[in-house]
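One structure is given below, encoded as C-alpha cells.
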Amino acid sequence: IGDFIIKQTLGKGTFSKVCMAEHRTTKQKFALKFIKPKSPQGGSPDKHNIRVEREIKLLSLLYHPHIVRLYDVVQTAKFTMIVMEHNSGGELLQYIRKRGRLHENEARVFFRQIVSAMDYTHRNCIIHRDLKLENVMLDSENRIRIIDYGFANTFNWDKQLETFCGSPFYAAPEMVNGIKYTGPEVDIWSMGVILFFMLCGRTPFEGENLKEIYDKISRGRFTTPPFLSKDAQDLLQQMLTVRPAQRISMKGIVEHPWTNK
Numbered sequence: 001i002g003d004f005i006i007k008q009t010l011g012k013g014t015f016s017k018v019c020m021a022e023h024r025t026t027k028q029k030f031a032l033k034f035i036k037p038k039s040p041q042g043g044s045p046d047k048h049n050i051r052v053e054r055e056i057k058l059l060s061l062l063y064h065p066h067i068v069r070l071y072d073v074v075q076t077a078k079f080t081m082i083v084m085e086h087n088s089g090g091e092l093l094q095y096i097r098k099r100g101r102l103h104e105n106e107a108r109v110f111f112r113q114i115v116s117a118m119d120y121t122h123r124n125c126i127i128h129r130d131l132k133l134e135n136v137m138l139d140s141e142n143r144i145r146i147i148d149y150g151f152a153n154t155f156n157w158d159k160q161l162e163t164f165c166g167s168p169f170y171a172a173p174e175m176v177n178g179i180k181y182t183g184p185e186v187d188i189w190s191m192g193v194i195l196f197f198m199l200c201g202r203t204p205f206e207g208e209n210l211k212e213i214y215d216k217i218s219r220g221r222f223t224t225p226p227f228l229s230k231d232a233q234d235l236l237q238q239m240l241t242v243r244p245a246q247r248i249s250m251k252g253i254v255e256h257p258w259t260n261k
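Numbering (full-length UniProt numbering), first residue to last: 1 to 261.
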C-alpha cells in the first residue's frame, strides 16, 4: 500500500486491523491501523466515525516517550489508515505471562513509565478510558508505550461524563454501576488493576461470570497476597478504592513511597 510493504497482521477487531509494515525506501517498520467505516446495520455509523476521528485528534495532540507515536493518517473511501510506530516487544500482558508475575523492582520500572504517560495525558485534559495490559506495549528495549486511544476523551473538572467504556476486568466501580465520573479517577483504578496483575500474575477481581466480577468490583473486594511489601499493598488499596473521591490522585501515586523506592 503506497510507500509500505505489509509484512504481517498483528491484530484484528470488529472494524479495524493492525498490520506491521516496512517502508519501501527507509526499511523502517511501522504499525498500520486500518479502520473500516461502520455499516448502518451495525448501529450508528456516526458514533463509530466520531470515535475514529477522536482517536486521531487526541493522539496527534500527545507527544510523550511512553505513548505510541502517530506519524500519519491516510483516508480513502474504503478505510482510514493510521500510521504509528511499531513496538516489537509485544504486549506487557505476554511479558508477564511468560514470567508468572514480576518482582516489585521490575514492576516499579514499568509502573513509573505508565504513571508518567498517564500523568502527562491527564495534564492535557485527556482520559484514556481503556487502560489494560493489552493496550500497554513494549518497544525493542522493553520500554512502555500506551496504545489505543479509541475510547479516549477530553475532560474538564466541572463537567461529568457518563459513557461506559473499557474492559470489564479493568472497569472502575462508577463505570460498572453507570455513575457519572470526571475522568482521571477511572484511569487510576485501571492502573491499579494493571499494577496488581504485574505483581500477582492475575486480576484482583475474578469470577465465574460478568455479574460476579462486577459485584466484586462494586464492593472493592480483593485480597493482596502476603508476599507483597507493605508499601505495595498500601498503594493498591488506595488505587482500588471504591469511592472515587477517596481514591488516590495521580499526585499521590507519584509521591507514594512504593513508587519512589
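Heads up, the beta-carbon is just placed ideally off N, CA and C, and yes, glycines get one too.
Here the structure is a predicted model, which means the values were calculated and not measured.
Inspect the beta-carbon positions of residue i and residue j and report whether they are closer than 7 Å.
i, j, result
"M20", "Q8", "yes"
"I35", "S16", "yes"
"Y170", "E55", "no"
"I127", "V68", "no"
"C125", "T80", "no"
"Q233", "T223", "no"
"L58", "A152", "yes"
"N87", "D139", "yes"
"R101", "C200", "yes"
Measure the C-alpha to C-alpha separation of residue i and residue j and round it to an integer number of angstroms.
i, j, result
"K216", "T203", "12 Å"
"M84", "T25", "17 Å"
"E134", "Q94", "9 Å"
"R219", "Q75", "45 Å"
"V254", "V18", "33 Å"
"F111", "K132", "13 Å"
"F3", "A31", "This sequence places Asp at residue 3; Phe is not what is there. So the two alpha carbons sit approximately 13 Å from each other."
"G178", "Q246", "18 Å"
"N260", "V115", "12 Å"
"R108", "G89", "18 Å"
"A117", "P226", "30 Å"
"I1", "E185", "41 Å"
"C165", "F196", "21 Å"
"M198", "I248", "19 Å"
Any idea if residue i is buried or exposed, counting beta-carbon neighbours within 10 angstroms, 16 or more meaning buried?
i, result
"D72", "exposed"
"A77", "exposed"
"L210", "exposed"
"S190", "buried"
"G183", "buried"
"Y63", "exposed"
"K33", "buried"
"W258", "buried"
Assuming residue i contacts residue j (C-beta within less than 8 Å), just tell me the rounded distance between them.
i, j, result
"G192", "L228", "At roughly 13 Å, the Cβ-Cβ gap does not stay under 8 Å, so G192 and L228 are not in contact."
"E22", "I5", "5 Å"
"V136", "L70", "That pair is no contact at about 17 Å."
"R129", "H66", "With a Cβ gap of about 18 Å, R129 and H66 do not count as contacting."
- Task: Could you tell me which uninterrupted alpha helix (DSSP H) segments, each at least 4 residues in length, are contained entirely in the stretch 191-242, listed from first to last along the chain?
- Result: 210-219 and 230-239
- Message: Please give the ranges of any beta strand (DSSP E) in the stretch 67-125, keeping only runs that are unbroken, at least 3 residues long and fully inside the region.
- Response: 70-75 and 80-85
- Message: For a minimum of 3 consecutive residues, which ranges assigned as the beta strand (DSSP E) are wholly contained in the stretch 125-197?
- Response: 136-138 and 144-146
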